[in-house]
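In this note's numbering, the protein residues as written are 6 to 435.
In structure tokens, the structure reads:
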């Protein structure tokens, strides 16, 4: 039987760097002529660039720049290359790291989004034979809008769960025998919690594949294993950003994230020196989207931290591979008593405890020194054991506070499990 159209591999014999260079130069020529934002940024650049080694001649793009441009040239800014009448989709970023960006897409750019998401579905083995459930409230956040369109394009039956409660979504998943579930990692765990409370047997449901996005949890081994155990399904991670596009996905090996190099150019830089990092070193991911002419981004600093890896994944996909996926965000790091703390490092340890239903990380100040504690909701008292494990793995004594069930918030979209109270100074008890 012939495979669906989106499974056909294009350009598989093309040298990927030569292909990327060609697409990059096409984008640069377009941008300096048709995009007011980049016409200004690239005015001193001589085109074409001769190799990808010359990328560092191009200026980096910051989210702050885009946000300020949208304030100055309200409401949409100058990075929209075409007249407003050419655009058909409106989205905005979640605003978790500053002022939300407004992003418009033309029909061509929206088709490009769908094709990027088709690669995500392909890597997870989704076909037209599947029934895909979207546990997502459709609003201005990009979320799974493109996944919905891509699944339709692939011929997959799509079951939306937009305005439903968690219980209603679980009932729909079971009643309609959905076998692919798309949601955030946090919401997958929350649905499992609701299922246990209300007697829904999700472990024996038809769901065999899950695709998570919106948070780095899908690439954290302990989080992934806990979700897979609850659902008796295989979890695939996906990474993307409203402003840059759906750029990465995990594979059958579940060891990290592949970058869709046919549509994105990836670099890893030291966030302080702006120089490329060496093999095995942690750095900030910088991306260029090569096919979104309606809202191009050239050398965009994502703020996501990855570990540079020049080795190919054992799955056979030749695209660039980042082991362990997104390690955290550059602006999420807090130094506590001389130790660099990333929330994902704490979450990886917390999720090793099946007894913990929800958690929150709290930063605060004692005598002008940063401190951190972890609040948990748990079916059993595991505070002492968690303290020991945090001390051994993080290298820091971290207070653990057990709360009553239901005290901590639950999340459908991006989870916000960090409470920063460092601006309010806490006086040390004599």
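Where a beta carbon is used, it is the ideal one built from N, C-alpha and C, also for glycine. Just so you know, these numbers come straight off a predicted model, no measurement behind them.
- Within the DSSP secondary-structure output, residue 165 pairs in a beta bridge with 139.
- Between residue 154 and residue 189, the C-beta gap is not smaller than 7 Å, which leaves the two residues out of contact.
- Between the region 77-93 and the region 111-124, the count of C-beta pairs closer than 8 Å reaches three or more; the two stretches touch.
- For residue 247, no beta strand (DSSP E) encloses it, and the DSSP letter there is neither H nor E.
- In the same chain as residue 279, and ignoring 5 residues on each side of it, no C-beta atom comes closer than 6 Å to its own.
- By alpha-carbon distance to residue 356, the top candidate from 271, 332, 229 is 229.
- A direct Cα-to-Cα measurement between residue 413 and residue 384 gives close to 14 Å.
- Take the alpha-carbon of residue 390 and the one of residue 45: they are about 56 Å apart.
- Under the DSSP definition of a beta bridge, residue 406 partners with 380.
- In the DSSP assignment, residue 39 falls within the alpha helix (DSSP H) that extends over 21-39.
- Unbroken alpha helix (DSSP H) runs of no fewer than 4 residues, entirely contained in the region 194-258, are found at 226-236, following chain order.
- Assignment of alpha helix (DSSP H) within the region 336-396, counting only whole runs of 4 or more residues, yields 348-355 in chain order.
- For residue 187, the enclosing beta strand (DSSP E) stretches over residues 185-188.
- Residue 283 carries a coil assignment under DSSP once its states are collapsed to helix, strand and coil.
- In the DSSP annotation of this structure, the continuous segment of the alpha helix (DSSP H) that includes residue 73 starts and ends at 68-77.
- Two segments are said to touch when three or more pairs of C-beta atoms, one from each, lie closer than 8 Å; by this definition the region 418-427 does not touch the region 391-406.
- In summary, residue 301 is buried, with 16 or more beta-carbon neighbours lying within 10 Å of its beta-carbon over all protein chains present.
- If you ignore the 5 residues before and after residue 82, its C-beta comes within less than 6 Å of the C-beta of 74, 75, all in its own chain and listed in chain order.
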